[in-house]
Amino acid sequence: MRKPCCDKKLTNKGAWTEQEDQKLVDYIRTHGEGCWSDLPKQAGLRRCGKSCRLRWINYLRPDIKRGHFAEDEEDLIIKLHALLGNRWSLIAGRLPGRTDNEVKNYWNTHIRRKLVSMGIDPQNHRLHQTHTLHHHHPPPLENQSSKCLGTKVNTLATKTLDKVKSDGADQEQVLSDAGSSLADETSSCRCELNLDLRIGFPLLSSQYSEQQDQGSLQDMQIDEGEQLPTLPLFL
DNA sequence: AAAGTTGTCAACCGCCCTCCT
DNA sequence: CAGGAGGGCGGTTGACAACTT
Numbered sequence: 000m001r002k003p004c005c006d007k008k009l010t011n012k013g014a015w016t017e018q019e020d021q022k023l024v025d026y027i028r029t030h031g032e033g034c035w036s037d038l039p040k041q042a043g044l045r046r047c048g049k050s051c052r053l054r055w056i057n058y059l060r061p062d063i064k065r066g067h068f069a070e071d072e073e074d075l076i077i078k079l080h081a082l083l084g085n086r087w088s089l090i091a092g093r094l095p096g097r098t099d100n101e102v103k104n105y106w107n108t109h110i111r112r113k114l115v116s117m118g119i120d121p122q123n124h125r126l127h128q129t130h131t132l133h134h135h136h137p138p139p140l141e142n143q144s145s146k147c148l149g150t151k152v153n154t155l156a157t158k159t160l161d162k163v164k165s166d167g168a169d170q171e172q173v174l175s176d177a178g179s180s181l182a183d184e185t186s187s188c189r190c191e192l193n194l195d196l197r198i199g200f201p202l203l204s205s206q207y208s209e210q211q212d213q214g215s216l217q218d219m220q221i222d223e224g225e226q227l228p229t230l231p232l233f234l
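In this text, residue positions in the first sequence follow numbering that gives the first Met the number 0: the first is 0, and each later residue adds one.
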């Protein structure tokens, strides 16, 4: 039986009060982050150390960017999710001022639903069988490219995660390499993907939705070698 | 206006990993 | 090497708000 991390009878739970926030902020300003297990006692808080850490990281930290996600942030989340899966902390690490919790919540409440409504499986980023963008130009793109890309991306994702996990691997470099590597890998397929893993892309998801709403994507012709819209990823 | 439903997001839980002894 | 402690993470919950009937 695992020991609880703190005595539940002596700790408060639920929403933090302003006074508690102030105590936590004051303590960290003076002593810095670290040693979360001792912090509550030192700071005079009746909270579990983990709860203090979470409150600081997700809410009180001064460099946190709160509020609505920008379109380019949303695009980046989708791309990184296609590459890394539910590794929210890694994804959040690429979004300055965003926390893993915030990214995870945003994914579950906004992006996931959006992808589903567009006929895309949010887990593997593939189009469902019943949806196609190319009604007038069979065979559908997803049949040609997704099988080809799916395997490559899965392999690449595994490699990427291994690198990120391994000692001394620079996350920035690994992700950058993964983007380039995938571009190389996909060059043999019919269509190319823009996998630039940075904020700022030529076609934003909102524009994509707009075009889809207007039906323009359904009739869109994609010539050989032409670049796909960057989102969503047809993996 | 009230009741029911859905959406959002802060916070908690418990598992896993790493570090230290 | 084994075991414990602490930190980090992803999944889930629950309170509250917003919306619908």
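Heads up, the beta-carbon is just placed ideally off N, CA and C, and yes, glycines get one too.
For residue i, which residues does DSSP report across the bridge?
i: L126; result: I119
Within its chain, find whatever has a CB closer than 7 Å to the CB of residue i; leave out the 5 residues flanking it on each side and keep chain order.
i: W15; result: R54
i: N11; result: R45, R46
i: D183; result: Because the pLDDT of D183 is 47, which lies under 50, any placement of that residue in the model is unreliable, and the question is left without a value.
i: I90; result: I76, L79, H80, L83, V102
i: G43; result: K22
For residue i, which residues in the same chain have their Cβ closer than 6 Å to its Cβ, ignoring the five residues on either side in sequence?
i: P137; result: Any reading at P137 must be qualified, since the residue scores a pLDDT of 34, below 50, and its modelled position is unreliable; no value is offered.
i: F68; result: Y105
i: G84; result: none
i: L38; result: G48, C51
i: G13; result: none
i: E72; result: L94
Which residue comes first and which comes last in the alpha helix (DSSP H) that contains residue i?
i: P39; result: 38-42
i: E101; result: 99-105
i: Y26; result: 17-30
i: H67; result: Counting along the chain, H67 falls outside any alpha helix (DSSP H), and DSSP gives it neither H nor E.
i: R54; result: 48-54
i: D63; result: First, the residue type needs correcting, since residue 63 is Ile and not Asp in the sequence shown. Premise fails: I63 is in no alpha helix (DSSP H) and is neither H nor E.
i: G92; result: 87-92
Are the beta-carbon atoms of residue i and residue j separated by less than 8 Å?
i: L114; j: L94; result: no
i: L79; j: L23; result: no
i: I77; j: I110; result: yes
i: W87; j: K103; result: yes
i: G96; j: D62; result: yes
i: I119; j: R125; result: yes
Suppose the cutoff is 8 Å on Cβ atoms and the five residues either side in sequence are ignored; what does the same chain contact list for residue i look like?
i: Q41; result: Y26, H30
i: N107; result: none
i: G33; result: none
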